[in-house]
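Read the structure below first, then the notes.
Residue numbers (the numbering used here): 12 to 226.
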């Protein structure tokens, strides 16, 4: 999967989580509003009962003490539910803020990866154009590498043969020290045997015997 696909999947997952948290947040907020309304109603009822203006909930007359007790219980219950809703709402608000931050970060990372992908695609197209100008063919580099490998083998083989020839004929190795400073080595022609050609092998043998192997 390409980076953009992974980022899109991550972004979709973060959006789904954010919607869930937002739904829970809205639900708790609605419950808090209902508890607030109930608390206000209970407080109004408490004030009314305290003044002896209301009857009991079932429509029958109740003593002022009974109405006052019921109102206090309703107020206490509403306050308890309100506190519980606030306790549940606080972590949801925190999680919602965290999810929003994650969404911003994910969106930023996605945009950065998308930009990188576009840059790489443009670079690839540029390279393809350059290759087309060079008339590049598939396998051309491999052919050159194979030629290089064969030539390297031939060089190693020739070097091996040369080393063997030198070891068998050490007198052919012409090594000397400069007789003076700034000596011109180009003036030295080398061994005599390399300067002349002998037509008949027996003649070469005669020269070697006569020269004592110094030619």
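Backbone N, C-alpha and C define an ideal beta-carbon position, used for all residues, glycine too.
All figures in this text were calculated on a predicted structure; none of them were measured in a lab.
Nearest-angstrom Cβ-Cβ length linking residue i and residue j, presumed shorter than 8 Å
i           : j           : result
residue 32  : residue 107 : 5 Å
residue 110 : residue 28  : 6 Å
residue 113 : residue 25  : 6 Å
residue 20  : residue 53  : Contact doesn't hold; Cβ gap of about 50 Å is too wide.
residue 47  : residue 93  : 7 Å
residue 43  : residue 97  : 7 Å
residue 82  : residue 56  : 5 Å
residue 118 : residue 22  : 7 Å
residue 50  : residue 86  : 7 Å
Run of the alpha helix (DSSP H) containing residue i, from where it starts to where it stops
i           : result
residue 154 : 151–179
Under the three-state DSSP convention, the category residue i falls into
i           : result
residue 38  : helix
residue 128 : helix
residue 46  : helix
residue 189 : coil
residue 67  : Bear in mind that the predicted position of residue 67 carries a pLDDT of just 48, short of 50, making it too unreliable to give a figure here.
residue 210 : coil
residue 195 : coil
residue 22  : helix
residue 140 : helix
residue 27  : helix
residue 79  : helix
residue 200 : coil
residue 145 : coil
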